[in-house]
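Undergrad: In UniProt numbering, the protein residues as written are 1 to 189.
So this is what it looks like as structure tokens:
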């Protein structure tokens, strides 16, 4: 960085060289200071001691600017890395959100399909339950008819036994819970 003190308007150009600042973002920093006539009068009125104090202050500021300029690229790189990381995290979060939304939509569609299947199965279950009730009633009617038919045949048989063989069936020797097995009368319980 070169510090120029320019006293234009009919004055000579005196230059005080200063060390240069590193290049920043591809552009070298070269501040220059131009003094107007009234400022020239102020500078011309300085003693060597005062001039050295001003030069020292400028040099100190120049050093501070160099220090700031030298740390800025490091901080910039660090912040750029953090920003890149945050951008990647945001992109990943957006992608993950899209993926979750797609999965949520798929699950909602599957849920609707399953609800329809459940409704169909519930309707089938009601229909089958009704059919079962009808079949149970029919089975009971068939059992009742078969039992009544056998009972009627059994009653006819007993009446014929009484009629043909003259055996009274109201005697106490007859017991429907007993049967003849190998020539003996045994309980069948």
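We put the beta carbon where it would ideally sit given N, CA and C, even for glycine.
May I have the straight-line CA-CA distance separating residue 46 from residue 73, to the nearest angstrom?
TA: Distance between the alpha carbons of residue 46 and residue 73: 38 Å.
Undergrad: With residue 174 and residue 189 assumed to form a contact (beta carbons below 8 Å), what rounded beta-carbon distance in angstroms separates them?
TA: With a Cβ gap of about 16 Å, residue 174 and residue 189 do not count as contacting.
Undergrad: Tell me the DSSP bridge mates of residue 185?
TA: Paired residues: 180.
Undergrad: How is residue 47 classed by DSSP in three states: helix, strand or coil?
TA: Residue state, collapsed to three classes: coil.
Undergrad: With H, G and I counted as helix, E and B as strand and the rest as coil, what does DSSP make of residue 175?
TA: Of the three classes helix, strand and coil, the one that applies to residue 175 here is coil, per DSSP.
Undergrad: Have a look at residue 79 and residue 102 and give me their C-alpha separation to the nearest angstrom.
TA: Their Cα atoms are separated by approximately 34 Å.
Undergrad: Taking the C-alpha atoms as reference points, what is the distance between residue 58 and residue 98?
TA: Residue 58 and residue 98: Cα-Cα distance of roughly 57 Å.
Undergrad: With residue 169 and residue 158 assumed to form a contact (beta carbons below 8 Å), what rounded beta-carbon distance in angstroms separates them?
TA: Indeed they touch by this definition, with Cβ atoms about 6 Å apart.
Undergrad: Does DSSP classify residue 167 as helix, strand or coil?
TA: Residue 167 falls in the coil class under three-state DSSP.
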